[in-house]
Amino acid sequence: MNFNALFSDFGGYTITGLTVGAIYALVALGYTLVYGVLRLINFAHSEVFIAGAFAAIWGWAALGLDRDSVASGFGSIVLYLLVGALIAAVASAGTATVVERVAYRPLRKRNAPPLAFLITAIGASIAIAEAFGIYTRRLPVGAPTIVRPDLVLFEVAGTEVTMVQVLVIVSALAMMVALDLFINRSRIGRGIRAVAQDQNTAALMGINKDRIILVVFIIGGVMAGVAGMLYDIRIGTLTYSVGFLLGLKAFTAAVLGGIGNLRGALVGGLLLGLVENYASALFGANWKDLVAFVVLVVLLMFRPTGLLGESLGRARA
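Just so we're aligned, residue 538 is where the sequence shown starts under this note's numbering, counting upward by one.
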């Protein structure tokens with residue numbers, strides 16, 4: 538273990554880990570919302586993320602930006618960010634809606650067993666990913682430089698913090714706070730928590746559970762779409778298959794924090810990002826993915842419900 542490598546740039550590994558973890562957390566929110574309400578894992582959610590990431594790039598292309606373009610001027614940067622986030626959110630929400638209507642709702646109407654939902658989710662995930670692969674000819678797609686990656690905003694204890702890192706972390710935290718307030722204080726949020734606690738009782742109280750379930754998929758899609766746009770800004774290159782591993786890690790983050798717990802998804806995402814980056818310093822970059830999943834297994838051996846472990850249906854208003 539190379540502790541010198543870790544401690545020599547501990548701040549850099551930490552801020553990078555938080556940045557990556559913030560993207561994991563946004564995607565993990567979709568997994569935890571769906572599980573909290575339906576008690577099923579939507580493995581097609583990784584492709585919902587991909588839909589938003591590609592949509593943002595195509596939206597910027599419609600505005601005349603290509604992979605070699607560099608946005609300049611504060612007003613232009615803000616405009617491109619807002620347009621990209623909006624297009625990505627709409628595309629991912631639309632994809633999530635299609636997945637819910639086509640793949641899951643017919644199974645719910647037939648009271649299909651949980652295994653059928655799992656197989657359908659995997660099938661939908663592969664189908665969507667392959668569709669993007671065919672459309673892009675399995676070639677990487679470059680994103681324009683909306684925010685320069687070398688633009689240093691400030692320093693903390695000798696560690697440079699870039700504008701991209703601040704943008705990703707602050708955006709994730711802001712969306713998490715907004716979602717938490719929406720779930721706990723809005724009328725629709727109360728409906729979501731009621732359906733998560735007991736679908737049949739909620740239906741007797743006049744709550745349209747099919748509408749609530751659709752709203753949950755849409756909200757998860759919006760979060761994944763914004764995460765896709767932030768991924769474009771941070772990485773700059775997108776492939777049709779990138780959602781597979783990122784989706785697994787986002788699911789891991791959801792389980793790590795406590796599947797079905799919104800705040801747990803945020804904690805799990807940030808923690809997973811930190812563990813990955815610290816592991817890459819200690820053991821080398823090739824060990825990063827392995828260590829992340831080993832930590833998950835070890836944690837669940839001692840705390841199966843995750844770090845926070847409170848289900849969405851039991852969340853307090």
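We put the beta carbon where it would ideally sit given N, CA and C, even for glycine.
According to DSSP, residues forming a beta bridge with V812: As a working note, residue 812 is residue 275 in the sequence shown. Per DSSP, none; premise fails for V812.
contact_flag[the segment 750-765, the segment 562-569] where n(CB pairs < 8 angstroms) is 3 or more: They touch, by the three-pair rule.
message: Quick check: the Cα distance between I578 and L782, rounded to an integer number of angstroms?
response: What you label residue 578 is simply residue 41 of the sequence shown in a count that begins at 1. What you label residue 782 is simply residue 245 of the sequence shown in a count that begins at 1. The straight-line gap from Cα to Cα measures roughly 16 angstroms.
- prompt: Which residue or residues does DSSP assign as beta-bridge partners of T556?
  reply: The sequence position of residue 556 within the sequence shown is 19, counting from 1. For T556, which the question treats as bridged, DSSP gives no partner whatsoever.
- request: Name the two residues that bound the continuous alpha helix (DSSP H) containing T632.
  value: Taking the sequence shown and counting its residues from 1, the one referred to as residue 632 is at position 95. Segment F611 to V635, the alpha helix (DSSP H) holding T632.
- prompt: Around the Cβ of M838, are there at least 16 other Cβ atoms within 10 angstroms (buried) or fewer (exposed)?
  reply: Residue 838 sits at position 301 when you count from the first residue of the sequence shown. Exposed.
- prompt: Under 9 angstroms between C-beta atoms, does L577 make it to chain C?
  reply: Considering every chain present, this structure includes no chain C. It has just one protein chain.
query: In chain order, what residues of the same chain lie with their CB nearer than 8 angstroms to the CB of V698, ignoring the 5 residues before and after it?
result: Taking the sequence shown and counting its residues from 1, one reaches residue 698 at position 161. Only I552, V689, L690, F691 and E692 meet the Cβ criterion.
query: Given E637, which residues of its chain have a CB within under 8 angstroms of its CB, disregarding the five upstream and five downstream residues?
result: Numbered from its first residue, the sequence shown carries residue 637 at position 100. If we look at E637 and ignore the five residues flanking it on each side, its Cβ neighbours are I750, L751 and F754.
query: Residues bridged to L688 by DSSP?
result: Locating residue 688 in the sequence shown gives position 151, where the first residue counts as 1. The partner list for L688 (beta bridge, DSSP) is empty, contrary to what the question assumes.
- prompt: Does the Cβ of M712 have 16 or more other Cβ atoms within 10 Å, making it buried, or fewer, making it exposed?
  reply: As a first step, residue 712 is located in the sequence shown; it is residue number 175 there, counting from the start. So M712 ends up on the buried side.
message: Among V828, N541, F586 and L845, whose alpha-carbon lies nearest the alpha-carbon of I775?
response: Here residue 775 refers to the residue found at position 238 of the sequence shown. As written in the sequence, residue 775 is Leu, which differs from the Ile given in the question. L775 has its Cα closest to that of F586, out of V828, N541, F586 and L845.
field: alpha helix (DSSP H) runs contained entirely in the segment 656-724, provided each spans 4 or more residues
entry: Assignment of alpha helix (DSSP H) within the segment 656-724, counting only whole runs of 4 or more residues, yields 700-722 in chain order.
- request: Identify whether T776 lies in helix, strand or coil by the three-state DSSP scheme.
  value: Position 239 of the sequence shown holds residue 776. Under the three-state reduction of DSSP output, T776 falls in the coil class, being neither helix nor strand.
- request: Check the C-beta distance from Y768 over to A590 and give it rounded, since I have them as a contact under 8 angstroms.
  value: Locating residue 768 in the sequence shown gives position 231, counting from the first residue. Locating residue 590 in the sequence shown gives position 53, counting from the first residue. Yes, Y768 and A590 are in contact; Cβ-Cβ is about 6 angstroms, under 8 angstroms.
- prompt: When we look at the beta-carbon of R490 and count the other beta-carbons within 10 Å, is it buried (16 or more) or exposed?
  reply: The chain is shown from 538 up to 854; residue 490 falls before or after that span and cannot be answered.
- prompt: Can you give the beta carbon distance from A581 to I656, rounded, assuming they're within the 8 angstroms contact cut?
  reply: Counted from its first residue, the sequence shown places residue 581 at position 44. Counted from its first residue, the sequence shown places residue 656 at position 119. About 12 angstroms; that fails the 8 angstroms criterion.
query: Which partner residues of V607 appear in the DSSP bridge assignment?
result: What you label residue 607 is simply residue 70 of the sequence shown in a count that begins at 1. T682, per the DSSP bridge assignment.
- prompt: Any idea if F788 is buried or exposed, counting beta-carbon neighbours within 10 angstroms, 16 or more meaning buried?
  reply: As a position in the sequence shown, residue 788 is number 251, starting the count at 1. So F788 counts as buried.
field: For A599 and M766, believed in contact at Cβ under 8 angstroms, the rounded distance
entry: Counting from 1 along the sequence shown, the entry for residue 766 is found at position 229. Counting from 1 along the sequence shown, the entry for residue 599 is found at position 62. The pair is not a contact, with the Cβ atoms about 14 angstroms apart (cut-off 8 angstroms).
query: Which residues in the same chain have their Cβ closer than 7 angstroms to the Cβ of T696, if we skip the five residues on either side of it in sequence?
result: Numbered from 1 along the sequence shown, position 159 holds the residue referred to as residue 696. Correct list, in chain order: G548, G549 and I552.
Separation of L616 from V834, as counted between CA atoms: Sequence index remark: in the sequence shown, residue 834 carries index 297 (1-based). Sequence index remark: in the sequence shown, residue 616 carries index 79 (1-based). Cα to Cα, the separation comes out at about 43 angstroms.
- request: Check the C-beta distance from Y561 over to G810 and give it rounded, since I have them as a contact under 8 angstroms.
  value: Here residue 561 is taken as the residue at index 24 of the sequence shown, counted from 1. Here residue 810 is taken as the residue at index 273 of the sequence shown, counted from 1. With a Cβ gap of about 6 angstroms, Y561 and G810 count as contacting.
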